[in-house]
RNA sequence: GCUGCGAUAGUUUAGCGGUUUAGAAUCCUCGGUUGUGGUCCGAGGGACCUGAGUUCGACUCUCAGUCGCGGCC
């Protein structure tokens, strides 16, 4: 067990903090947000833009999806997922546990693992916790995530308890498999455990304690972003922070709206990922410093101002809302390119500003100012 | 001047003498979207050219007018 995480600046106990996560592909400044590259690419944004323009140091891909297509042997031939993708910075892989909330994806769940339906050829495929880890080892990501069991939102406490127990049992198997495998292509690969338990604080605390005992490089809080009240989520993060050792990075999975990121950092979380910014861009919802904006609305038809005049991205420097509205409404692909770029830039820039404010001791003022200007829900 | 065809949401259109509160797409407004997933999903708004007639009943049939496209003198 290495100490992969170093705390740089922290405020109050359990409050916001900056740190450094050491991986096989560089040291990543936290708190950070990972754009989602499920199939090895962030939709409509190139690696070059992410790295050169936005300073993104880490992405997350999906082990299960890559395993199904293009498959492990091809990725092995390429020399691992990093080389296959042409990405030489940090890279997490999700095990595929999140897909468990999607009915059409899952055939059956048992204690042995999950029988998935292959979306590419409809065949059935058992993914056990052992197999999930071996896949992630073979892909050579910098951080492998355990296979977890996430119930759909709104289940009973008993259901959450069941999924939690299963997730912890699987976490033990994942850890053993990970430690035993000496053929990892990424010798510095890290392993994170995931808590479940819905909004039940006592379940979440038990889950975190159980993961502490097993011993992971970092702890992820899973199961959010699917319908629960935001206040419940922050309570869970805060409660979890109290039982997770201070030197462990805390990763809140699936969170990606500006206000959620800001609040979760305030609760002491270090790492995030979400398809939200890019998916919202594809659906025409644009983040700005004065709140979310829907580019398809008729009011933008003759609006010759930038999406966000406080944003430094090239889209905001160069193009008007009227032009982007036109591209979006006429289904011109460049519209999605530019909007996805902006939203991703916005979120990564927000994280950059959050890190600066923590380092300078002004996080809470920064948060208050941001929220004051940011009118709207997400 | 004569004549043929046509006229339904902002746009492109479906349809019928009564079971149609006129259907669709687009458009407009609003909501949703968060560890695969579709420039996606959901709700709402908006129309039978005008007038007269036939008929129990006309957006639908007849006539006239207006407008559009075409032909002829």
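In the numbering used here, the protein residues as written are 1 to 378. Glycine included, every Cβ here is placed at the ideal spot set by N, Cα and C. Treat the numbers as computed from the prediction; the structure is a model and nothing was measured.
Residue i - DSSP class collapsed to helix/strand/coil
i	result
residue 240	helix
residue 107	strand
residue 157	helix
residue 144	strand
residue 373	helix
residue 112	coil
residue 297	coil
residue 365	helix
residue 218	strand
residue 255	coil
residue 287	coil
residue 305	coil
residue 266	helix
residue 120	coil
residue 80	coil
CB contact flag (residue i, residue j, <8 Å)
i	j	result
residue 150	residue 216	no
residue 211	residue 219	yes
residue 120	residue 106	no
residue 274	residue 256	yes
residue 207	residue 174	no
residue 24	residue 137	no
residue 286	residue 343	yes
residue 379	residue 146	The structure shown does not extend to residue 379, since the chain is modelled only from 1 through 378, so no value can be given for it.
residue 96	residue 127	yes
residue 26	residue 17	no
residue 289	residue 372	no
residue 69	residue 134	no
residue 8	residue 15	no
DSSP bridge partner residues for residue i (one or two, in chain order)
i	result
residue 45	42
residue 356	Note: residue 356 sits in no beta bridge, so no partner.
residue 35	274
residue 58	90
residue 395	Because residue 395 is not part of the residues shown, which for the chain are 1 to 378, the question remains open.
residue 185	DSSP, once it has assigned bridges, lists no residue as partnering residue 185.
residue 17	10
residue 23	26
residue 192	145 and 218
Contacts around residue i, its chain only, beta-carbon distance under 8 Å, and the 5 residues preceding and following it disregarded
i	result
residue 1	Only weak support exists for where residue 1 lies, its pLDDT of 49 falling under 50; the value from the coordinates is given anyway. So the list reads 215 and 217, once near-sequence residues are dropped.
residue 209	243
Cβ distance (whole Å) where residue i is taken to contact residue j below 8 Å
i	j	result
residue 42	residue 278	6 Å
residue 34	residue 58	5 Å
residue 30	residue 249	7 Å
residue 197	residue 164	5 Å
residue 139	residue 75	6 Å
residue 141	residue 189	7 Å
residue 44	residue 336	5 Å
Heavy atom of the ligand FAD within 7 Å of residue i beta-carbon
i	result
residue 83	Ligands in the displayed structure: none, and consequently the ligand FAD is not present.
Same chain only: Cβ atoms within 7 Å of residue i, ignoring 5 sequence neighbours per side
i	result
residue 432	Because the chain here runs from 1 to 378, residue 432 falls outside it and cannot be looked at.
residue 239	201, 204 and 205
residue 153	226, 227 and 228
residue 108	115
Other residues of its chain near residue i: CB distance less than 6 Å, five sequence neighbours each side excluded
i	result
residue 367	262
residue 233	224
residue 267	234, 237 and 238
residue 315	338, 341 and 342
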